[in-house]
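To start, the structure under review is shown below, and the notes come after it.
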Amino acid sequence: ARAPTLPGPAAALLQALGLRDAPGGAPTPRPVPPIMWRLFRRQDPQETRAGPRRTSPGTTPRPCHVEELGVAGNIVRHVRDRGAPARPPELTSAAGSCPEWTVVFDLSAVEPDEHPSRARLELRFAEAVAGAAGPVGGWELSVALAAGPGSMAGREAPLRLAVPSLRAPVRAELLGAAWARNASAPCTLRLALALRPRSPATCARLAEAALLLVTVDPRLCHPLVRQRR
Amino acid sequence: EVAPVAGGGPCRARRLYVSFREVGWHHWIIAPRGFMANYCQGPCALPAALGASGSPTFNHAALRALMYSAAPGAHGGLPCCVPARLSPISVLFFDNSDNVVLRHYEDMVVDECGCR
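Chains as they are written, first to last, in the working numbering: chain A, 925 to 1153; chain B, 11 to 126.
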C-alpha cells in the first residue's frame, strides 16, 4: 500500500531523503533488530556526538562506509524472510533425510543504481528436540539460489558452510558465492537452504531467517561523485 | 520549527528543527524523531562579507560587497548568505515492506554559513 502523493514541503522532504513515497499504513509493530540500532548509533553524527565516544580521538567516520561491517555503503537493510508462513511444519522428509527450506526476500525497494557491497544471510536454528546434543562433527549448511520467477538459479555453485553449533546465529556471506559480486539486486531473492548433520542425529528446525543487505547509492554519496569528477 | 530571529544580525546559521512528527511520518521513521537542519540568514553587506563576523567568505563575495557599498544596485546586489559547511545524518525507518532500513545522508545539517 503506497500513500497518495504528498503535497508541498512533505514531498520535497521525501525527495531530499531519496525516497519514492512514504509507507501508506502504519507498519506492523516489530522489534528493531539490535544490529540496526547499533549501526544507527555508530553511524549517526548527532548520536556519536551525544553518546559515549565510539571512534578514536581525532578520527571522523569515513563517508559512505559502514565501519562496523567494514564495507562501503550508505544504505543498510534488514530484510525479513517472506517464505516463513508458507513453509510446512514437518521436521523430517518421508525419505528420513532432513528437510530443505526456501527463504524469500523482497528486494523490490532496492534501486537499480545501488551497488551491493554485503549480503549477509542470518539464520537461527533450533534443535528439533530441546536439549538434544548436536551431531558429532556439527552440521553442513548449503545455500543455493532457488528456482522461481526471475531467478538466477543455476548460475552460481551452492555455498557450503561448516556449522559447529546451532546455539549462535549462523551467518553466510552471499556476495561472491550464491550472489555474483557484480550483479545488481534481484527483485526477489529466493534461496534454497539445507542443514545436514555430519553424523546421524535429529534434524534441526529453521526458526528465523533474515538478510542484511548493504548497498552504496552513489547519488547519496557526494564524496564518491566528487572523486569520480 | 524555526526559532525566531532576534535582532537579525549578519549572515550566520539559524536554528531550524525538522520534526518528522509534524510531517506525520513518526509511525514509520524509527529514529531520529527529527533533526536540526538549520538554515542561513542575514545580510552580506560589509563587514560581514569580509568575514569579519567569523563566517567564511569568498574573495569574490568581498569584492561584490565592496562594489555594492560604492554604488548600491549597480552591480547585481549583495552576495548571498548560503551554507558553507554541512554535516550528515542517518535515518532509521520501516520501508513499504516492513523491512528496517538505515540510510546515511551527506550534507543535511548546516553547520556554518558564509557569503558567496
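Even for Gly, the Cβ is constructed at its ideal location relative to N, Cα and C. From a predicted model like this one, the values you see are computed outputs, not experimental measurements.
query, result
"Same chain, Cβ closer than 7 Å to V1027 of chain A, five either side skipped, listed in chain order", "D1005, G1007, L1115, L1117, A1133"
"Beta-carbon neighbours of N109 of chain B, restricted to chain A and to distances below 8 Å", "R1001, H1002, V1003, R1004, D1030, A1033"
"L963 of chain A: CB within 7 Å of a non-hydrogen atom of the ligand FAD", "The ligand FAD is absent from the structure shown, which contains no ligand whatsoever."
"Same chain only: Cβ atoms within 6 Å of L1085 of chain A, ignoring 5 sequence neighbours per side", "L1065, A1096"
"Among B:C125, B:S100, B:N106, the one whose alpha carbon lies nearest that of V119 of chain B", "B:S100"
"Of the listed residues A:L963, A:L1090, A:R1048, A:D945, nearest to A1138 of chain A (C-alpha basis)", "Note on residue identity: the sequence assigns Val, not Ala, to residue 1138 of chain A. For the residues A:L963, A:L1090, A:R1048, A:D945, the minimum Cα distance to V1138 of chain A belongs to A:L963."
"Cβ contact (3+ pairs, closer than 8 Å) linking the stretch 79-89 of chain B and the stretch 25-35 of chain B", "no"
"Residues that P957 of chain A contacts on chain B, provided the C-beta gap is smaller than 8 Å", "V110"
"Span separating the alpha-carbon of R31 of chain B from that of Q51 of chain B", "25 Å"
"Counterpart residues of C50 of chain B in DSSP-defined beta bridges", "B:A23"
"Contact with chain A by V33 of chain B, beta-carbon distance below 8 Å", "yes"
"Beta-carbon proximity list for A41 of chain B, same chain, < 7 Å, skipping 5 on both sides", "L102"
"Beta bridge counterpart(s) of I99 of chain B as assigned by DSSP", "B:Y115"
"Where the alpha helix (DSSP H) containing R74 of chain B begins and where it ends", "69-80"
"Beta-carbon neighbours of T952 of chain A, restricted to chain B and to distances below 7 Å", "D108"
"Residue closest to V6 of chain B, alpha-carbon to alpha-carbon, out of A:P955, A:V1003, A:G1061, A:A1107", "Given that chain B is displayed from residue 11 to residue 126, the structure contains no residue 6 of chain B and the question cannot be resolved."
"Sequence-distant residues of the same chain with beta carbon closer than 7 Å to H114 of chain B, five excluded per side", "P98, S100"
"Member of A:A1102, A:P1040, A:W1063 whose CA lies at the smallest distance from the CA of V1094 of chain A", "A:W1063"
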